[in-house]
Amino acid sequence: MSVLKGDLGFISDERKSLGKSPELCYFVTGVFGFGSPRKNLPKARAMDFITSTAILPLLFGCLGVFGLFRLLQWVRGKAYLRHAVVVITGATSGLGKECAKVFYAAGAKLVLCGRNGGALEELIRELTASHATKVQTHKPYLVTFDLTDPGAVVAAAAEILQCFGYVDILVNNAGISYRGTIMDTTVDVDKRVMETNYFGPVALTKALLPSMIKRRQGHIVAISSIQGKISIPFRSAYAASKHATQAFFDCLRAEMEQYEIEVTVISPGYIHTNLSVNAITADGSRYGVMDTTTAQGRSPVEVAHDVLAAVGKKKKDVILADLLPSLAIYLRTLAPGLFFSLMASRARKERKSKNC
1 MSVLKGDLGF
11 ISDERKSLGK
21 SPELCYFVTG
31 VFGFGSPRKN
41 LPKARAMDFI
51 TSTAILPLLF
61 GCLGVFGLFR
71 LLQWVRGKAY
81 LRHAVVVITG
91 ATSGLGKECA
101 KVFYAAGAKL
111 VLCGRNGGAL
121 EELIRELTAS
131 HATKVQTHKP
141 YLVTFDLTDP
151 GAVVAAAAEI
161 LQCFGYVDIL
171 VNNAGISYRG
181 TIMDTTVDVD
191 KRVMETNYFG
201 PVALTKALLP
211 SMIKRRQGHI
221 VAISSIQGKI
231 SIPFRSAYAA
241 SKHATQAFFD
251 CLRAEMEQYE
261 IEVTVISPGY
271 IHTNLSVNAI
281 TADGSRYGVM
291 DTTTAQGRSP
301 VEVAHDVLAA
311 VGKKKKDVIL
321 ADLLPSLAIY
331 LRTLAPGLFF
341 SLMASRARKE
351 RKSKNC
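Per the UniProt record's numbering, numbering of the sequence shown is gapless, rising by one per residue and ending at 356.
Written as structure tokens, this is what we have:
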């Protein structure tokens, strides 16, 4: 302790003797760690020097490189879609119809698929009547078939290949929703949902895949759902079909990598379409109700533009949902117990509201 006091006394005496030499004083106090607040002045000047001559140019350089990268991505995406043969299922309404519009405006050669031939023809008239595009457009081709009929799917694929010779991008969009309790739902309803949402897209994909493999070029897109990653009560058949979709196309992506074929799975949240209105119930009848969550969902126009961007950038897995559904995906993995409790609580609330 006496040694420390002696050292401090020495420093105090030295500072007094160096009072008339501030530069030397700053040196001594800086070395021993004592002194006036001005001891940090050299550090401040050093930081100013680094910021002004090194960091800022580096920062602006990084921003410039990032901006250039995004610009190149945008240009490549535009070129990737222009004149590409794009098959879209479920093109007569909702997200499929809006996807048809944005892909058409991007210059793609569209093949529009659906069960309603009249609605497809009306969509083609609507597309060709528009003159707002800045790129060369192509008159869409329509193919009418039922996705749940395996024979019709094979025939439709053969017709498309005979007409164009190949398919660049397949957008599996067609689907049906469901509302009901598991105990009241017949197995026939479960099968119907699976045939439309899973077996149909799988059959069409398998029918077109050999031509893509032969060319070593192609892109398969599956419009899944946030319910392909998490399950919510009273949507069992729908969630099961979307989980199967996610799993199948994840496997397909890995197997097609050797042929340079891209696979993109897109999982939207709620979209403001008639999906819930056209949903089937436990006995197979039409639900006919616009759910509040669906009514408050994103515009299908916005989602279609996001789909176009994801395809142009060749993304592998895309979530197009609001914050809470997106967080629920991570909650399901990181805190499954809490997630299950929240879903049970949701089931109780929905059951109570229906009984009122």
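From the three backbone atoms N, C-alpha and C, an ideal C-beta is built for every residue, glycine too.
Predicted model only: the values in this text are computed from it and were never measured.
- For the region 221-237 and the region 174-182, state whether three or more C-beta atom pairs, one from each stretch, are separated by less than 8 Å. yes
- What is the DSSP secondary structure of His243, reduced to helix, strand or coil? helix
- How should Gly218 be labelled, buried or exposed, when 16 other C-beta atoms within 10 angstroms of its C-beta is the threshold for buried? buried
- Item | Simplified DSSP assignment, three categories, for Ala222 | strand
- Query: To the nearest whole angstrom, what separates the beta carbons of Ser186 and Ala237, a pair I think is in contact under 8 Å?
  - Reply: The amino acid occupying residue 186 in the given sequence is Thr; Ser does not appear at that position. With a Cβ gap of about 10 Å, Thr186 and Ala237 do not count as contacting.
- Beta-carbon proximity list for Gln136, same chain, < 7 Å, skipping 5 on both sides: Gly107
- Task: Determine the contact status of Thr264 and Lys315, defining contact as a CB-CB distance below 9 Å.
- Result: yes
- Within 9 Å, strictly: CB atoms of Gly117 and Thr148: no
- For Phe27, three-class secondary structure by DSSP: Any answer about Phe27 is weak, because its pLDDT of 41 lies below 50 and its placement is not dependable; what the coordinates show is given next. Phe27: helix per DSSP, three-state reduction.
- Exposed or buried, which one is Val289 when buried takes at least 16 other CB atoms within 10 Å? exposed
- Query: Can you name the residues that DSSP bridges to Ser353?
  - Reply: DSSP lists no partner for Ser353.
- From Pro325 to Arg115, what does the alpha carbon distance come to, in whole angstroms? 32 Å
- Item | Three-state class that DSSP yields for Gly114 in the structure shown | strand
- Roughly how far, in whole angstroms, is the beta-carbon of Leu142 from the beta-carbon of Leu112, given that I think they are within contact range, below 8 Å? 5 Å
- Looking at Val86 and Ser168, is the spacing between their C-beta atoms short of 9 Å? Before going on, a small fix: residue 168 reads as Asp here, not Ser. Yes, the pair counts as a contact, with Cβ atoms nearer than the cut-off.
- Message: Output needed for Gly90: all residues of its chain with C-beta closer than 7 Å, excluding positions within five of it in sequence on either side, in chain order.
- Response: Gly96, Gly114, Asn173, Ala174, Gly175
- Compute the Euclidean distance between the alpha carbons of Tyr178 and Ala129, then round it to the nearest angstrom. 35 Å
- Let me know if Gly182 comes out buried or exposed under the rule of 16 or more other beta-carbons within 10 Å of its beta-carbon. Going by the sequence as given, residue 182 is Ile instead of Gly. Per the 10 Å Cβ criterion, exposed.
- Is the region 248-256 touching the region 296-308, taking contact as three or more C-beta pairs under 8 Å? no
- Query: Is the region 228-237 touching the region 205-217, taking contact as three or more C-beta pairs under 8 Å?
  - Reply: no
- Buried/exposed call for Tyr270, threshold 16 Cβ in 10 Å: buried
- Query: From what residue to what residue does the beta strand (DSSP E) around Tyr141 run?
  - Reply: 141-144
- Query: Cα separation between Asp317 and Asn355?
  - Reply: 39 Å
- Query: Residues bridged to Val87 by DSSP?
  - Reply: Val111, Leu170
- Taking just the CA atoms, how far does Leu63 sit from Val193? 47 Å
- Message: Spatial neighbours of Ala344 within its chain, please: C-beta separation below 7 Å, excluding the five flanking residues on both sides.
- Response: none
- Val189 in three-state terms, based on DSSP: helix
- Task: Could you check which residue in Pro300, Val311, Gly312 has the C-alpha nearest to that of Ala321?
- Result: Pro300
- What did DSSP end up calling Ile213 once you bin it into helix, strand or coil? helix
- Message: I'd like to check one pair, Leu120 with Thr92: are the Cβ atoms closer than 9 Å?
- Response: yes
- Item | Phe340, buried or exposed, once every other Cβ within 10 Å from all chains shown has been counted against 16 | exposed
- Roughly how many angstroms separate the alpha carbons of Gly67 and Cys99, rounded to a whole number? 27 Å
- Message: Can you look up Leu320 in the DSSP assignment and give me helix, strand or coil?
- Response: strand
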